[in-house]
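By numbering that gives the first Met the number 0, the letter at position 42 of the sequence shown is numbered 41, and the numbering carries on one by one without gaps.
See below for the structure under consideration.
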Amino acid sequence: MQLLHLVMGGRVKDPRGLEFEDLSKVDLVGVYPSYAEAEEVWRGCAQRTVDDAEMKYVIVHLHKLLEPKLSQDDD
Numbered sequence: 000m001q002l003l004h005l006v007m008g009g010r011v012k013d014p015r016g017l018e019f020e021d022l023s024k025v026d027l028v029g030v031y032p033s034y035a036e037a038e039e040v041w042r043g044c045a046q047r048t049v050d051d052a053e054m055k056y057v058i059v060h061l062h063k064l065l066e067p068k069l070s071q072d073d074d
């Protein structure tokens with residue numbers, strides 16, 4: 000099974016949450032085959048926007064959404 004990870008980000012309504020203000024402006028950075036690769040890209044995006052509390056980048060475990068029974072403990 001391929002372990003796919005999506006890196007995405009954008010302006011959030013509340014820095015403590017994950018509700019994006021405008022979905023049409025969400026930055027879909029890319030899909031990566033390993034968590035390590037996704038984390039490296041995420042870290043770069045997050046560091047570029049560190050001074051803006053309303054900008055948030057996240058890693059989405061796509062493989063867990065696509066096949067939740069098969070990926071319970073996988074990253």
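In this text, a Cβ means the ideal position worked out from N, Cα and C, and glycines have one as well.
These figures come from a predicted structure and were not determined experimentally.
Please report the straight-line C-alpha distance between residue i and residue j, rounded to a whole angstrom.
i, j, result
"Q1", "V30", "11 angstroms"
"S76", "G16", "This structure cannot speak to residue 76, because the chain is shown only from 0 to 74."
"K24", "E18", "13 angstroms"
"L3", "Y56", "17 angstroms"
"L27", "H60", "14 angstroms"
"P14", "D51", "10 angstroms"
"A35", "H62", "15 angstroms"
Quick one: residues in its chain with C-beta nearer than 6 angstroms to the C-beta of residue i, no 5 flanking neighbours on either side, listed in chain order?
i, result
"E20", "R10, K12"
Return the chain-ordered list of same chain residues with a C-beta closer than 8 angstroms to the C-beta of residue i, the five sequence neighbours on each side being excluded.
i, result
"M54", "G8, G9, R10, V11, T48"
Checklist entry - Should the segment 62-69 be regarded as contacting the segment 34-43, the criterion being three or more beta carbon pairs within less than 8 angstroms? => result no
Next on the checklist: Check whether the segment 42-62 and the segment 5-21 touch, using three or more Cβ-Cβ pairs below 8 angstroms as the test.
Outcome noted: yes
Checklist entry - What beta strand (DSSP E) runs, 3 residues minimum, are completely inside the segment 20-65? => result 26-31, 54-60
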